[in-house]
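Taking my numbering, the leading residue of the first sequence gets 228, the next gets one more, and so forth.
Notes follow the structure.
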Amino acid sequence: MAYWLMKSEPDVYGIADLERDRTELWDGVRNYQARNFLTSMALGDRAFFYHSNTKPPGVVGLMEIVAINVVDPTQFDPSSQYYDPKSSLDSPRWHTVTVGYLETFAQVVTLDQLKETFIPDELWVVRRGNRLSVMPIDDAIAEKLLQMAQTSRV
DNA sequence: GCCAACGTTGGC
DNA sequence: GCCAACGTTGGC
228 MAYWLMKSEP
238 DVYGIADLER
248 DRTELWDGVR
258 NYQARNFLTS
268 MALGDRAFFY
278 HSNTKPPGVV
288 GLMEIVAINV
298 VDPTQFDPSS
308 QYYDPKSSLD
318 SPRWHTVTVG
328 YLETFAQVVT
338 LDQLKETFIP
348 DELWVVRRGN
358 RLSVMPIDDA
368 IAEKLLQMAQ
378 TSRV
């Protein structure tokens with residue numbers, strides 16, 4: 228079982244939305260590096276939910292990968308902001324996963340905390356100027372992160 | 001709201 | 001294939 232980190236803006240889709248919906252197709256990723264990580268995910272992998280573009284940014288909960296190699300339907304929808312005219316039904320460009328809700332942490336593990344604890348090579352989200360929205364996390368780092376999420380409870 | 005970082009596009 | 005211009009991300 229591998230660990231990942233996936234970013235979303237809570238104004239667009241946050242952990243509370245996923246808690247309500249229980250599962251969600253993670254659509255709209257249009258970056259090849261991020262897509263390649265999505266397509267290398269396996270059923271049962273865990274992913275940390277990261278809230279970006281909010282105050283404070285940070286890791287807010289945990290998800291499970293419940294479906295893999297899902298074709299992102301928004302690439303074929305001209306009315307979608309994620310429409311990709313260069314993609315075709317024969318050979319879709321964009322594959323993704325469906326995530327399932329597992330847990331909302333009692334407190335956000337903030338980006339500030341993450342920067343204090345991890346170096347950029349350990350956790351890419353603390354890299355300066357990092358814009359990648361899907362990234363792998365080593366087991367040891369993931370376990371440390373889970374401990375932080377537990378101990379941050381009041 | 002600003003702007004640094006960075007990925008993508010397109011002219012050449 | 002280079003690289004300037006442009007658009008987007010995302011922290012601050």
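Ideal placement from N, C-alpha and C gives every residue a C-beta, glycine not left out.
Please read these numbers as outputs of a predicted model, since none were measured by experiment.
Secondary structure remark: continuous alpha helix (DSSP H) runs of at least 4 residues inside the segment 258–297, in chain order: 259–266. Exposed is the label assigned to residue 243, since fewer than 16 other Cβ atoms lie within 10 Å of its Cβ. Taking a 10 Å sphere around the C-beta of residue 274, we find 16 or more other C-beta atoms and assign the residue as buried. For residue 344, the closest alpha carbon among the candidates 361, 368, 335, 241 is that of 368. Taking a C-beta distance under 8 Å as the contact criterion, residue 299 and residue 254 qualify as a contact pair.
Short of 6 Å from the beta carbon of residue 266, and not among the five residues preceding or following it, lie these beta carbons of its own chain, in chain order: 322. Per DSSP, residue 301 is not a residue of any beta strand (DSSP E), being assigned neither H nor E.
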